[in-house]
Amino acid sequence: MDNISPKKQKYIDQAISVFKQEGLRLSLDEIADKMGIVKKTLYNHFESKDDLLRECIQSLITELRNEIEVMNDDRFNAVEGMRKGFEEMSKFFYALSPVFFHDIKKLYPEIAMAEHHASIELFRDKIVENLNKGIKDQSYRQDMDVVLMSQYFIYSVFGFFINRVINSNEFSARNYFPTVLEYNLRALVSEKGLKLL
0 MDNISPKKQK YIDQAISVFK QEGLRLSLDE IADKMGIVKK TLYNHFESKD DLLRECIQSL
60 ITELRNEIEV MNDDRFNAVE GMRKGFEEMS KFFYALSPVF FHDIKKLYPE IAMAEHHASI
120 ELFRDKIVEN LNKGIKDQSY RQDMDVVLMS QYFIYSVFGF FINRVINSNE FSARNYFPTV
180 LEYNLRALVS EKGLKLL
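Residues in the sequence shown are numbered consecutively from 0, following numbering that gives the first Met the number 0.
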């Protein structure tokens, strides 16, 4: 993704907008039409619809990575960073429609699985950093098992989110992430951290 030209990135961003609204069942002709370009233009930059989709998903992963970097930003204590990271994640997933998630799971299971693992690793690394930061600044409990809690967060956030929010749309991504975080933060914080809540 590092060497993508501005023009190619523009097409990726436009395709992402189309996929968010329409899902992934469109043909390359339909995608190009909705982007206001001809299919040949897409073929000048992407080998196939699958290639375009992979590039779009990689771009989304990069966007998510950049947004949750705030979780460990030095301007915030660990509790504030965790909240801000979850707020960004909430906005990110809210912007992706259930149709997008449904289509990627059904039509492109191998891409969905690979990107799911990449997202989980990214999230786990950021959570571990945040938990260690909070232990160091004493806003989190000193006796916390960081590995266990980071795994718990992964399953709590991604497992439940995928099963309930994406599959049944029973809960909104906008409400889900902050609610789960606030519930879990109460178990993580120290006396000092409780005051920060």
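Even for Gly, the Cβ is constructed at its ideal location relative to N, Cα and C. Just so we're clear, the structure is a prediction, and the values are computed from it rather than from any experiment.
**Item:** Contained alpha helix (DSSP H) runs [length at least 4] in the region 108 to 185, N- to C-terminal order
**Value:** The region 108 to 185 contains, as complete alpha helix (DSSP H) runs of 4+ residues, the segments 108 to 135 and 145 to 153 (chain order).
**Request:** Would you mind stating whether Phe99 and Lys6 have Cβ atoms separated by less than 7 Å?
**Result:** Mapped onto the sequence shown, residue 99 falls at position 100. Mapped onto the sequence shown, residue 6 falls at position 7. The answer is no: Cβ separation not under 7 Å.
**Request:** Reducing DSSP to helix, strand and coil, say where Asn2 ends up.
**Result:** On the sequence shown, residue 2 is found 3 positions in, with the first residue counted as 1. The three-state secondary structure of Asn2, taken from DSSP, is coil.
**Message:** When you compare the CB positions of Ile56 and Glu114, do they come within less than 7 Å of one another, or not?
**Reply:** Start at 1 with the first residue of the sequence shown, and residue 56 comes out as number 57. Start at 1 with the first residue of the sequence shown, and residue 114 comes out as number 115. Yes, they are a contact pair.
**Asked** Between the region 70 to 77 and the region 120 to 138, do three or more beta carbon pairs fall short of 8 Å?
**Response** The region 70 to 77 is in contact with the region 120 to 138.
**Request:** Could you tell me the distance, in whole angstroms, from the CA atom of Gln141 to the CA atom of Val78?
**Result:** Counted from its first residue, the sequence shown places residue 141 at position 142. Counted from its first residue, the sequence shown places residue 78 at position 79. Going from the Cα of Gln141 to the Cα of Val78 covers about 14 Å.
**Message:** Please tell me whether Tyr151 and Gly192 are closer than 7 Å, where the distance is taken between their beta carbons.
**Reply:** Counting from 1 along the sequence shown, the entry for residue 151 is found at position 152. Counting from 1 along the sequence shown, the entry for residue 192 is found at position 193. No, they are not a contact pair.
**Message:** Within 10 Å of its beta-carbon, does Asp50 have 16 or more other beta-carbons around it, so buried, or fewer, so exposed?
**Reply:** On the sequence shown, residue 50 is found 51 positions in, with the first residue counted as 1. Asp50 is exposed by the Cβ-count criterion.
**Request:** Output yes or no for whether 7 Å exceeds the beta carbon distance between Leu23 and Leu106.
**Result:** In the sequence shown, the residue the question calls residue 23 occupies position 24. In the sequence shown, the residue the question calls residue 106 occupies position 107. Closer than 7 Å, so yes.
**Message:** In whole angstroms, give me the CA-to-CA distance for Ser89 and Phe176.
**Reply:** Taking the sequence shown and counting its residues from 1, the one referred to as residue 89 is at position 90. Taking the sequence shown and counting its residues from 1, the one referred to as residue 176 is at position 177. Taking the Cα positions, Ser89 is about 6 Å away from Phe176.
**Prompt:** Do you know whose CA, among Glu62, Asn65, Leu27 and Lys83, lies nearest Ser47's CA?
**Reply:** Reading the sequence shown from its first residue, position 48 is the one you call residue 47. For Ser47, the nearest C-alpha among the options comes from Leu27.
**Message:** Let's test the definition: count the other Cβ atoms within 10 Å of the Cβ of Ile11 and tell me whether it reaches 16, buried, or not, exposed.
**Reply:** Translated into the one-based positions of the sequence shown, residue 11 becomes position 12. With 16 or more other CB atoms across the displayed protein chains lying within 10 angstroms of its CB, Ile11 is buried.
**Request:** Please check the pair Val145 and Val179, which I expect to be a contact at CB under 8 Å, by giving their CB distance rounded to whole angstroms.
**Result:** Translated into the one-based positions of the sequence shown, residue 145 becomes position 146. Translated into the one-based positions of the sequence shown, residue 179 becomes position 180. Their Cβ separation, rounded to whole angstroms, is 19 Å, which puts Val145 and Val179 out of contact at 8 Å.
**Message:** Out of Gln137, Arg82 and Ser16, which one is the CA nearest neighbour of Glu190?
**Reply:** Within the sequence shown, numbered from 1, the residue matching residue 190 stands at position 191. The option with the nearest alpha carbon to Glu190 is Gln137.
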